[in-house]
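Here the structure is laid out as structure tokens; the discussion comes afterwards.
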Amino acid sequence: MTHVHVVYAHPGERTFTREVLDAFLVGLDGAGHTYTVSDLYAAEFRSELTRAEYERESGQRPDAPVPDDVAAEQAALAAAGAWVFVYPVWWADCPARLKGWFDRVWTVGFARKTVGRPTVADKALVLCTAGYDIAQLEASGCYEAMRTVMLTDRIGERARASDFVVLGGSAAAGTAEWPALKTAHLARAAELARSV
Ligand SMILES: Cc1cc2nc3c(=O)[nH]c(=O)nc-3n(C[C@H](O)[C@H](O)[C@H](O)COP(=O)(O)O)c2cc1C
Numbered sequence: 489m490t491h492v493h494v495v496y497a498h499p500g501e502r503t504f505t506r507e508v509l510d511a512f513l514v515g516l517d518g519a520g521h522t523y524t525v526s527d528l529y530a531a532e533f534r535s536e537l538t539r540a541e542y543e544r545e546s547g548q549r550p551d552a553p554v555p556d557d558v559a560a561e562q563a564a565l566a567a568a569g570a571w572v573f574v575y576p577v578w579w580a581d582c583p584a585r586l587k588g589w590f591d592r593v594w595t596v597g598f599a600r601k602t603v604g605r606p607t608v609a610d611k612a613l614v615l616c617t618a619g620y621d622i623a624q625l626e627a628s629g630c631y632e633a634m635r636t637v638m639l640t641d642r643i644g645e646r647a648r649a650s651d652f653v654v655l656g657g658s659a660a661a662g663t664a665e666w667p668a669l670k671t672a673h674l675a676r677a678a679e680l681a682r683s684v
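Note that my numbering has the sequence shown beginning at 489, numbered continuously upward.
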């Protein structure tokens, strides 16, 4: 059994990405895993660094305090064996709110190893939805670019194992192919949860 912290970033209510999140959480429940979820839009998580936060990070001051919302995220991550990021691909990256989550939560002393030991998880899973299908994302180079940014840079050595999964092709929503593709994607999300 694994305790999982899920970071979710989508502003909509009834969306494909929300269905992926729900399928993933049902899969966690079914396998007996426990979890916490940070819904960044519901929580109105602030994505911009303040000047004080910038000065703490650029000055590499691990002993300086971090804001309460950042400390809460770091505590949830430290309590979990696996970290999961669920979001839609927007302009070949995560939504700005999640990018800002990395800017603010990956602080010196917590996630940056230039000073102090970084916090480490057994596993990190990046699970995102995309309008393009995988073949299109690979042909454009975006798949490899996104994978490199998320796994090599943002996760890096902070997880002992990591995986990048794109549930692509949602631009087909409304076509005859979409229902079967969506069902397969939701089944995959549930399966990934079971083996997290
Ligand atoms: C602002 C915006 C930018 C997007 N950029 C991309 C993109 O760069 N690549 C891609 O494959 N899909 C892109 N999409 C499509 C979304 O990834 C897709 O709508 C989402 O993953 C699934 O839909 P949902 O919003 O119902 O969850 C974009 C969508 C929006 C709204």
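Just so you know, even glycine gets a beta-carbon here, dropped at the ideal spot from N, CA and C.
In this structure, the straight-line span from the alpha carbon of Glu501 to that of Leu516 is close to 21 Å. In the same chain as Thr503, and ignoring 5 residues on each side of it, the C-beta atoms closer than 8 Å to its own belong to Pro576, in chain order. Per DSSP, the unbroken beta strand (DSSP E) holding Phe652 starts and ends at 647–655.
Put simply, the backbone Cα of Asp591 is about 18 Å away from that of Ala647.
The beta carbon of Arg506 sits closer than 8 Å to those of His498, Gly500, all from its chain and outside the five residues before and after it, given in chain order. Within the same chain, Cβ atoms closer than 6 Å to the Cβ of Cys582 are found at Tyr575, the five residues on either side in sequence being excluded. Taking all protein chains in view, the Cβ of Tyr496 is crowded by 16 or more other Cβ atoms within 10 Å, so the residue is classified as buried. For ligand 1, no non-hydrogen atom lies closer than 7 Å to the CB of Tyr529. Taking 7 Å as the cut-off, one finds no heavy atom of ligand 1 near enough to the beta carbon of Ser535.
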